[in-house]
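Comments concern the structure below.
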Amino acid sequence: MFELEKFGILRVASVSPEIRVGNVPFNFEQTCKALQELEKSEVQVAVFPELSLTGYTCGDLFYQSTLLKSVELFLTKLIEFSKNIDLVFIVGFPMNVGSDLLNCAGVIGKGKIYGIVHKTYLPNTREFYERRLFSDSTEAESVDINGEFVPIGNDLLFVDGANSNIVFGVEICQDLWSIMPRSSELCLAGAKVIFNLSASDEWIGKSAYRRDLVLSQSARCNAGYVYSGCGPWESSTDMVFSGHCLIAENGKLLAESRKFSFSTDFVVADIDLELIKKKRLLNDTFNTAKNLSYVDFRLVEINLPKRKSNKILRKINKHPFIPEQEESRHEVCEEIFRIQSTGLARRLLHIGAKDVVIGLSGGLDSSLALLVCLKSFQQLNFDIKGIHAVLMPGFGTTTKTFSNAKKLCSAFGIPYEVIDIKESVKKHLKEIGSSVENQDLVFENAQARERTQILMDLANKYKGIVVGTGDLSEIALGWATYNADHMSMYNVNAGVPKTLVRYIIQWYANSLSDRKISRVLQDILATPISPELVSNSPNEITQKTEEIVGPFDLNDFFLYYFVRYGFSPEKILFFASIAFEKEYTREQILHWLKNFLQRFFVNQFKRSCMPDGPKVGSVDLSPRGSWRMPSDADVSLWLKNLDNLK
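No gaps in the numbering here: position 223 of the sequence shown is 223 in this note's numbering, and each next residue is one more.
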């Protein structure tokens, strides 16, 4: 069991109940039944459709005193019912205020109605004629309900009395569809979640448009958005309603209901308020827009239930850098590949060079860098003879990787040269009082620096540049020798995490290459990741990177949530334990998370002077454009956050 509040989670629901048009007692009963079910799911806030107590399609019956009095009676009963149900909910109903009839949403919980929000934008065209029925404003600021004055208006924000981070706003249907959505103002005033009570009919293509609208508004506002639509029990005289329910967060769809169900249907999801807060902190235009807001909102204090749950109701992607849908994955791979190749092409055009030098090991990163070089040369119509691939076998080089490097060059017709570094390294180690028998850090780094020296000198010889190959994951972990593979003249892989490197090569193998090339790339993909710096059998890789720095799927997960959202180590551990519950134990995840934090902090000095390279995603570690951090920052505070956790 975990506390939702501890990790900044708000559990919400969108409900489309079975109703009968004009039958308020029946609709009251259905609302109560739905609330009882929602309580079992530990829901904290639930929203029902527009005018859900009466049905949206009552037409001129809204003028009938019988209907309005029934609404008053059963609204009172609903408030009374809320004493026995531990959640806050929002229902729709018509309300006569003075000389105005308003289309309202009431926020109810703990035996009281906290506030009433009326609709701002009333559609009055084609199938909609709301201005004939309702007013869009009232002079009243409060109304008397059962002897208590309840705030009313479209200027209300609801805040949890025990947790000021939980703030939400309410808008009704057309308020979202207008050119200036009310939710935009609500979010600028502090709302992190918007609840929309809607009555949007169905016709061809409208549900997709509606979904896009909800996703777009949640992204624009850096907010959660909970949308509830009327269902098919509304009158079908001229329209059909589908009961479309949506829950979105920052442009992502968390939950969506089936449509056209004649029984009560609902969706439940967990909205991450901390994620929303961090998105807004990083969005300086959001803060600028706050100063342009002209609406003064009234804060209404509510009492939300505290929840514990044994599961989280949101998808946690174990590979956050990689789209889950195959089609999207292919699009992302192609776009990243074009960003990489265009970045390199632009640099070559700027310096007037037509030659690049790349150290090719037969591993993932250097293979991707070679593919990028090839694409850049194709873009510029340069002769591929200007791509100088250099194979530099050392003491740990295996037959397989060396062979794959040669095969890859041959498959593309790229010339390559082989420079064996073993004798040079032996001589150098002897000069500094060491030897190849001491296979220590000096031994490993000497090989890495010898290779970089060769590449740099060859770049001078060919009047070109050294293309770097180290990926984002290695940069985060400091998995590079300072002033060796850490250094280049332009690093095309600097923004690409290791888990994504695999997918880009796989995409290339499947989409752009012939069978010969594909076979080589598939063999490279199947090769364990290794720096190959330690002596071993020529047919066996014994130095495996992931056994030293940790699995890259875990490290990339840590990197994503640590850098992009600034989550605490404890929350990252919580998310990772859910995402990787079938692959790793909590103890293993905790071990590698501590290792990640240690390495990330202690290796910032390498990132502070890293070469230029293109940003390709939301997480990037360039010290010039994306990540500014002192090289001597202390990690102890972050590690302490994990103390006593198992």
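We put the CB at the ideal spot given by N, CA and C, even for glycine.
8 Å contact criterion, which residue 343 and residue 492 should meet: CB distance rounded:
One-based indexing of the sequence shown puts residue 343 at position 343. One-based indexing of the sequence shown puts residue 492 at position 492. Right, the Cβ-Cβ distance comes to about 7 Å (below 8 Å), so this counts as a contact.
Within the same chain, show all residues whose beta-carbon is closer than 7 Å to that of residue 652, passing over the 5 residues directly before and after it, in chain order.
Because residue 652 is not part of the residues shown, which for the chain are 1 to 646, the question remains open.
Host beta strand (DSSP E) of residue 151 (start-end)
Numbered from its first residue, the sequence shown carries residue 151 at position 151. Here the beta strand (DSSP E) through residue 151 covers 148 to 153.
Whole runs of the beta strand (DSSP E) within the segment 15 to 62, excluding any shorter than 3 residues:
The qualifying runs are 45 to 47.
Identify the continuous alpha helix (DSSP H) that holds residue 602 and give its terminal residues.
As a position in the sequence shown, residue 602 is number 602, starting the count at 1. Per DSSP, residue 602 belongs to the alpha helix (DSSP H) from 586 to 602.
Just curious, the beta strand (DSSP E) that residue 508 is in, first and last residue?
The count along the sequence shown starts at 1 and reaches residue 508 at position 508. From DSSP, residue 508 is part of no beta strand (DSSP E) but of the alpha helix (DSSP H) over 498 to 511.
Hey, could you find the ends of the alpha helix (DSSP H) residue 456 is sitting in?
Along the sequence shown, read from residue 1 onward, the residue named residue 456 stands at position 456. 441 to 462 is the extent of the alpha helix (DSSP H) around residue 456.
Is it the case that the segment 432 to 442 contacts the segment 354 to 369, given that we only count it when at least three CB pairs across the two stretches are under 8 Å?
Too few Cβ pairs lie closer than 8 Å, so no.
For residue 560, which option in 476, 506 and 57 has the closest C-alpha, if you only look at C-alpha atoms?
The residue given as residue 560 occupies position 560 in the sequence shown. Of the listed residues, the one whose Cα sits closest to residue 560 is 476.
Helix, strand or coil at residue 252 according to DSSP, with G and I counted as helix
Taking the sequence shown and counting its residues from 1, one reaches residue 252 at position 252. Reduced to three states, the DSSP call for residue 252 is strand.
When you compare only the Cα positions, how much space is there between residue 678 and residue 89?
The structure shown has nothing for residue 678, since the chain only spans 1 to 646.
Based on Cα-Cα distance, which residue from 396, 401 and 385 lies nearest to residue 412?
Indexing the sequence shown from 1 puts residue 412 at position 412. With respect to the C-alpha of residue 412, the residue from 396, 401 and 385 having the closest C-alpha is 385.
Do you know offhand how far residue 228's Cα is from residue 402's?
Locating residue 228 in the sequence shown gives position 228, where the first residue counts as 1. Locating residue 402 in the sequence shown gives position 402, where the first residue counts as 1. C-alpha separation (whole angstroms): 59 Å.
According to DSSP, simplified to helix, strand and coil, what is residue 292?
The count along the sequence shown starts at 1 and reaches residue 292 at position 292. In the three-state reduction of the DSSP assignment, residue 292 falls in the coil class.
What residue range does the alpha helix (DSSP H) around residue 171 cover?
What you label residue 171 is simply residue 171 of the sequence shown in a count that begins at 1. No alpha helix (DSSP H) holds residue 171; the beta strand (DSSP E) holding it covers 163 to 172.
Based on DSSP bridge pairs, tell me the residues matched to residue 432.
Within the sequence shown, residue 432 is the residue found at index 432, counting from 1. The partner list for residue 432 (beta bridge, DSSP) is empty, contrary to what the question assumes.
Pick helix, strand or coil for residue 11, following the three-state DSSP scheme.
Position 11 of the sequence shown, counted from the first residue, corresponds to residue 11. Note: residue 11 maps to strand in three-state DSSP.
Using the beta-carbon count (16 or more within 10 Å), is residue 373 buried or exposed?
Here the question's residue 373 lines up with position 373 in the sequence shown. By the neighbour-count rule (16 or more Cβ atoms within 10 Å), residue 373 is buried.
Does any CB atom of chain D fall closer than 8 Å to the CB of residue 470?
Annotation note: the requested chain D is absent from the structure, which comprises a single protein chain.
In its own chain, which residues sit with a C-beta less than 6 Å from the C-beta of residue 70, not counting the 5 before and 5 after it?
To locate residue 70, count along the sequence shown from 1; it is residue 70. Counting only Cβ-Cβ distances below 6 Å, and skipping sequence neighbours, we find 24.
May I ask you to verify whether the segment 486 to 502 touches the segment 460 to 477, counting CB pairs closer than 8 Å and requiring at least 3?
As far as the Cβ criterion goes, the segment 486 to 502 touches the segment 460 to 477, which means the pair count is three or higher.
Under three-state DSSP, which class holds residue 520?
Locating residue 520 in the sequence shown gives position 520, counting from the first residue. Helix, per DSSP.
Taking the Cβ atom as the reference point for each residue, do residue 197 and residue 50 lie within a distance shorter than 8 Å?
For this step, residue 197 is matched to residue 197 along the sequence shown. For this step, residue 50 is matched to residue 50 along the sequence shown. Their beta carbons are under 8 Å apart, which means residue 197 touches residue 50 by this criterion.
Classify residue 19: buried if its beta carbon has 16 or more other beta carbons within 10 angstroms, exposed otherwise.
Translated into positions along the sequence shown, residue 19 becomes position 19. It is buried - the Cβ of residue 19 has at least 16 other Cβ atoms within 10 Å.
Can residue 454 and residue 419 be called in contact, C-beta distance under 8 Å?
Translated into positions along the sequence shown, residue 454 becomes position 454. Translated into positions along the sequence shown, residue 419 becomes position 419. Residue 454 is a Cβ neighbour of residue 419, given a cutoff of 8 Å.
I'd like the list of long-range same chain contacts for residue 313, defined as Cβ closer than 7 Å, with 5 residues on each side in sequence excluded.
What you label residue 313 is simply residue 313 of the sequence shown in a count that begins at 1. These residues qualify, in order along the chain: 11, 268, 269 and 270.
Tell me the rounded alpha-carbon separation between residue 232 and residue 8.
Here residue 232 refers to the residue found at position 232 when the sequence shown is read from its first residue. Here residue 8 refers to the residue found at position 8 when the sequence shown is read from its first residue. Rounded to whole angstroms, residue 232 and residue 8 show a C-alpha spacing of 35 Å.
When you compare the segment 320 to 334 with the segment 58 to 65, are there three or more beta-carbon pairs, one atom per stretch, that lie closer than 8 Å?
The answer is no - the segment 58 to 65 does not touch the segment 320 to 334, with fewer than three Cβ pairs under 8 Å.
Helix, strand or coil at residue 187 [DSSP, three-state]:
Here residue 187 corresponds to residue number 187 of the sequence shown, with the count starting at 1. Correct three-state label for residue 187: helix.
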